[in-house]
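Here is the structure we will look at.
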Amino acid sequence: MVHSLSLPAPAKLNLFLHINGRRPDGYHELQTVFQLLDFGDELYFELNSSQAITIKPEFNDIPVEDNLIYQAAKILEPFATNYKGVDITLNKRLPMGGGVGGGSSDAATTLIALNYLWQCNLSNEELCDLGIQLGADVPVFVNGKTSWAEGIGEQLSPIKTPDCWYVVLAPEAHISTVKIFSNEVLTRDTPKMRIAPALEGQALNALNNDCEALVKQLYPTVNEAINWLSKYGPTKLTGTGACCFCRLSTETEARQVLKEAGAKFKGFIAKGVSLSPAHQKLNEVETFAKDNSK
Numbered sequence: 024m025v026h027s028l029s030l031p032a033p034a035k036l037n038l039f040l041h042i043n044g045r046r047p048d049g050y051h052e053l054q055t056v057f058q059l060l061d062f063g064d065e066l067y068f069e070l071n072s073s074q075a076i077t078i079k080p081e082f083n084d085i086p087v088e089d090n091l092i093y094q095a096a097k098i099l100e101p102f103a104t105n106y107k108g109v110d111i112t113l114n115k116r117l118p119m120g121g122g123v124g125g126g127s128s129d130a131a132t133t134l135i136a137l138n139y140l141w142q143c144n145l146s147n148e149e150l151c152d153l154g155i156q157l158g159a160d161v162p163v164f165v166n167g168k169t170s171w172a173e174g175i176g177e178q179l180s181p182i183k184t185p186d187c188w189y190v191v192l193a194p195e196a197h198i199s200t201v202k203i204f205s206n207e208v209l210t211r212d213t214p215k216m217r218i219a220p221a222l223e224g225q226a227l228n229a230l231n232n233d234c235e236a237l238v239k240q241l242y243p244t245v246n247e248a249i250n251w252l253s254k255y256g257p258t259k260l261t262g263t264g265a266c267c268f269c270r271l272s273t274e275t276e277a278r279q280v281l282k283e284a285g286a287k288f289k290g291f292i293a294k295g296v297s298l299s300p301a302h303q304k305l306n307e308v309e310t311f312a313k314d315n316s317k
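Residue numbers are given in this note's numbering: position 191 of the sequence shown equals residue 214, and the series is strictly consecutive.
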């Protein structure tokens, strides 16, 4: 029986983001492509005998009950057949409020890790149903595949995107998704697209993020980062920001651009992937455990 597990919590980029309307429940109908990356946070899980759920490090401005990692563990508790407490350690590398899915990805990795360690035996679809209660972006990380998304982001169709590298800049701004989506200036009437035309050729490059104009207006540091990075190629905001990204063909090009960003902008480079590194790692762990139980 496995008592500990280390899994990544990968970042995502919204290769475009169209807002098609506002629903009666306050959520927004949208269309986007969630591109998963090979860079993100890392979480370490170790079962304990105390029945307690602990998370390190503690965030002084976030009560543990409001931490998505803790909420993910608690929502999974009733399904555990091998319930024990768990000590969770987070190595945080993704910026908070950056639009790269850090908190949602941490929650999703917690769901898939504890589903395995606690022997909940829930399917990905069942975990996605739990994940949507924690946030609209959680299901794509639970599902673990780069996807076309609709609805509030939970209707997912896995797709294949071109192999490439991304430079992601993280301006010094913490942007509230609620603040952006509740702003009356935000455009909410972009016509819906069919998936096939959107993915033909270079069509994705021409699609915009409907939040970008508003975010650039409200946050000058984000506008500055987008203008700087656009020297190297088409640059877009991801999610509601603050991070922006540019797609490049090779790792060498991406490293050079990040180097030139220097002290002016923090950021990272990452390769786009079709399958989540968290799922890749868990598949390896499961295969190793089966082989050693024979």
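For every residue, glycine included, the Cβ atom is placed at its ideal position computed from N, Cα and C.
Check, Outcome
"Q74 burial status per 10 Å Cβ neighbour count (16 or more: buried)", "exposed"
"Distance, F291 Cα to V123 Cα", "12 Å"
"4-residue-minimum alpha helix (DSSP H) runs that sit fully inside the stretch 127 to 157, ordered along the chain", "147 to 154"
"The stretch 241 to 260 touching the stretch 157 to 172, judged by at least three CB pairs closer than 8 Å", "no"
"Backbone CA spacing between V278 and C234 [nearest angstrom]", "In the sequence as displayed, the identity of residue 278 is Arg instead of Val. R278 and C234: Cα-Cα distance of roughly 28 Å."
"Check whether E69 and D110 have beta carbons under 8 Å apart", "yes"
"Buried versus exposed, by CB contacts within 10 Å (16 or more), N250", "exposed"
"As assigned by DSSP and simplified to three states, the class of T258", "strand"
"Nearest residue (CA-CA) to G174, options T184, A159 and D186", "A159"
"Backbone CA spacing between Q94 and L157 [nearest angstrom]", "8 Å"
"N250, DSSP secondary structure in three states", "helix"
"Member of K183, H51 and L113 whose CA lies at the smallest distance from the CA of G224", "K183"
"Three-pair Cβ contact test at 8 Å for the stretch 78 to 91 versus the stretch 110 to 121", "yes"
"Nearest to H41 (by Cα), restricted to the options E309, N315 and L260", "L260"
"Proximal residues to N105 (C-beta, below 6 Å), its chain only, five neighbours per side dropped", "W141 and Q142"
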